[in-house]
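Protein chains in written order, with my numbering: chain A, 11 to 122; chain B, 59 to 171. Glycine is no exception: its CB is placed at the ideal position from the N, C-alpha and C atoms.
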Amino acid sequence: AQSVTQLGSHVSVSEGALVLLRCNYSSSVPPYLFWYVQYPNQGLQLLLKYTTGATLVKGINGFEAEFKKSETSFHLTKPSAHMSDAAEYFCAVSIRDYKLSFGAGTTVTVRA
Amino acid sequence: GAGVSQTPSNKVTEKGKYVELRCDPISGHTALYWYRQSLGQGPEFLIYFQGTGAADDSGLPNDRFFAVRPEGSVSTLKIQRTERGDSAVYLCASSTDGNTEAFFGQGTRLTVV
Chain A
11 AQSVTQLGSH VSVSEGALVL LRCNYSSSVP PYLFWYVQYP NQGLQLLLKY TTGATLVKGI
71 NGFEAEFKKS ETSFHLTKPS AHMSDAAEYF CAVSIRDYKL SFGAGTTVTV RA
Chain B
59 GAGVSQTPSN KVTEKGKYVE LRCDPISGHT ALYWYRQSLG QGPEFLIYFQ GTGAADDSGL
119 PNDRFFAVRP EGSVSTLKIQ RTERGDSAVY LCASSTDGNT EAFFGQGTRL TVV
């Protein structure tokens, strides 16, 4: 079975500051890893995903994440936060099938 | 359609009643998924359809929950004898097949009073 732990249920950053959202996974086999974003009253949107190959993955809206097998981590970063980044972010894992296991989510607020 | 459509967007029902939640996937997508998101939690897998058949219903919490997809397109999640603990946002997603990106709908917020 696979699972995901997101460290920090709420993160507050200043506009222009670094955004860092932490995700650690547990999986008995090499996983596929995902970050989703959920804006208020909208559906989940895929930000980026890691399947195989390059461990640094670039996604939409300037986000990127790095798969670190030794640390079982897949942290999400963005160098400079924008007000529009305020949302809830979910890390998810799957073992090459259709079934995603999600973390509990991290709510990001951006201060002007 | 342009995206995954779920209706209704909100549903309030009394404890013990029966409810149906509808999902219209993206046209041509053979794979369809239902997830449930309780307050403060991430989405939890309920059931996966490939075409008309439920390929995996291991996430359905008990036999009060049932889902169908009779023509391989629209799906309905059915909940009998609703309980207050069933209150959650029910999310539907679809993908081209079971191995590609899943696109999520906006969800149906179910409140059982």
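Discussion item. Using a 10 Å radius around the Cβ and a threshold of 16 neighbouring Cβ atoms, would you call Val70/B buried or exposed?
Written reply: The count along the second sequence starts at 1 and reaches residue 70/B at position 12. So Val70/B counts as exposed.
Worksheet item: Assuming Ala102/A and Gly115/A make a contact with CB atoms under 8 Å, what is their CB distance in whole Å?
Response: Reading the first sequence from its first residue, position 92 is the one you call residue 102/A. Reading the first sequence from its first residue, position 105 is the one you call residue 115/A. Wrong, their Cβ atoms sit about 10 Å apart, outside the cutoff.
Practice prompt. Closer than 8 Å by beta-carbon distance: list the chain E residues that pair up with Gln164/B, in chain order.
Written response: Absent from the structure: chain E. Protein chains present are A and B.
Item to complete: Run down chain B in chain order and give the residues with a C-beta less than 9 Å from the C-beta of Phe129/A.
Response: There is no way to answer for residue 129/A, as the model of chain A reaches only from 11 to 122.
Worksheet item: In chain A, which residues lie with their C-beta within 8 Å of the C-beta of Tyr106/B?
Response: Position 48 of the second sequence holds residue 106/B. For Tyr106/B, the chain A residues whose C-beta falls within less than 8 Å of its own C-beta are Tyr108 and Lys109, listed in chain order.
Discussion item. Quick check for students: name the residue ranges of the beta strand (DSSP E) that lie wholly in the stretch 95-153 of chain B, counting only runs of 3 or more.
Written reply: Taking 3 residues as the minimum length, the beta strand (DSSP E) runs contained wholly in the stretch 95-153 of chain B are 102-108, 111-114, 123-126, 133-137 and 146-153, in order along the chain.
Practice prompt. Select from Ala112/B, Pro128/B and Gly117/B the residue whose C-alpha is nearest the C-alpha of Tyr32/B.
Written response: Limits of chain B in this structure are 59 at one end and 171 at the other, which puts residue 32/B out of reach.
Worksheet item: Which term fits Tyr46/A, buried or exposed, when burial requires 16 or more other beta carbons within 10 angstroms of its beta carbon?
Response: For this step, residue 46/A is matched to residue 36 along the first sequence. With 16 or more Cβ atoms within 10 Å of its Cβ, Tyr46/A is classed as buried.
Discussion item. Does Ser80/A come out as helix, strand or coil in the three-state DSSP assignment?
Written reply: Here residue 80/A refers to the residue found at position 70 when the first sequence is read from its first residue. Annotated three-state conformation of Ser80/A is helix, per DSSP.
Worksheet item: Whose Cβ in chain A lies nearer than 9 Å to the Cβ of Gly143/B?
Response: Within the second sequence, the letter at position 85 stands for residue 143/B. None at all; the shortest Cβ gap to chain A is about 18 Å.
Discussion item. Rounded to the nearest angstrom, what separates Gly130/B and Ala112/B at their Cα positions?
Written reply: To locate residue 130/B, count along the second sequence from 1; it is residue 72. To locate residue 112/B, count along the second sequence from 1; it is residue 54. Taking the straight line from one Cα to the other gives about 10 Å.
Item to complete: Along the beta strand (DSSP E) that carries Thr15/A, what are the first and last residues, could you check?
Response: Against the first sequence, residue 15/A aligns to sequence position 5. Residues Ser13 to Leu17.
Worksheet entry | Own chain partners of Thr61/A with C-beta closer than 7 Å, once the 5 adjacent residues on each side are dropped | Numbered from 1 along the first sequence, position 51 holds the residue referred to as residue 61/A. Beyond the five residues adjoining it in sequence on each side, Thr61/A comes within less than 7 Å, by CB distance, of Tyr42 in the same chain, given in chain order.
Worksheet item: Taking any Cβ of chain A, which residues in the stretch 71-100 of chain B have a Cβ under 9 Å from it, in chain order?
Response: For the stretch 71-100 of chain B, residues whose beta-carbon sits nearer than 9 Å to a beta-carbon of chain A comprise Ala89, Tyr91, Tyr93, Gln95, Gly98, Gln99 and Gly100.
Practice prompt. Label Gln64/B either buried or exposed according to how many other C-beta atoms from any shown protein chain fall within 10 Å of its C-beta, with 16 as the threshold for buried.
Written response: For this step, residue 64/B is matched to residue 6 along the second sequence. That one is buried.
Worksheet entry | Chain-ordered chain A contacts of Glu159/B [CB-CB under 8 Å] | Taking the first residue of the second sequence as 1, we reach residue 159/B at position 101. Neighbours of Glu159/B on chain A, chain order: Leu56 and Lys59.
Worksheet item: Within 8 Å (strictly less), CB to CB, does Val126/B reach chain A?
Response: Here residue 126/B is taken as the residue at index 68 of the second sequence, counted from 1. Chain A contact via Cβ: absent.
Item to complete: Tell me Leu57/A's beta-bridge partners as DSSP assigns them.
Response: For the purposes of this step, residue 57/A is identified with residue 47 of the first sequence, where counting begins at 1. Answer is none; Leu57/A lacks a bridge partner.
Worksheet item: Would the stretch 92-99 of chain A and the stretch 77-84 of chain A be scored as touching if the rule is three or more Cβ pairs under 8 Å?
Response: As far as the Cβ criterion goes, the stretch 92-99 of chain A does not touch the stretch 77-84 of chain A, which means the pair count is below three.
Discussion item. Between Lys75/B and Thr140/B, how many whole angstroms is the CB-CB distance? I'm expecting something under 8 Å.
Written reply: Translated into the one-based positions of the second sequence, residue 75/B becomes position 17. Translated into the one-based positions of the second sequence, residue 140/B becomes position 82. Contact holds; Cβ gap of about 5 Å.
Worksheet entry | Cβ shell of Ser37/A (< 7 Å), same chain only, five flanking positions each side left out | Position 27 of the first sequence, counted from the first residue, corresponds to residue 37/A. The answer, listed in chain order, is Gln12, Val103 and Ile105.
Worksheet entry | Under 8 Å between C-beta atoms of Cys150/B and Leu90/B | Numbered from 1 along the second sequence, position 92 holds the residue referred to as residue 150/B. Numbered from 1 along the second sequence, position 32 holds the residue referred to as residue 90/B. Against a cut-off of 8 Å, the Cβ pair of Leu90/B and Cys150/B comes out as a contact.
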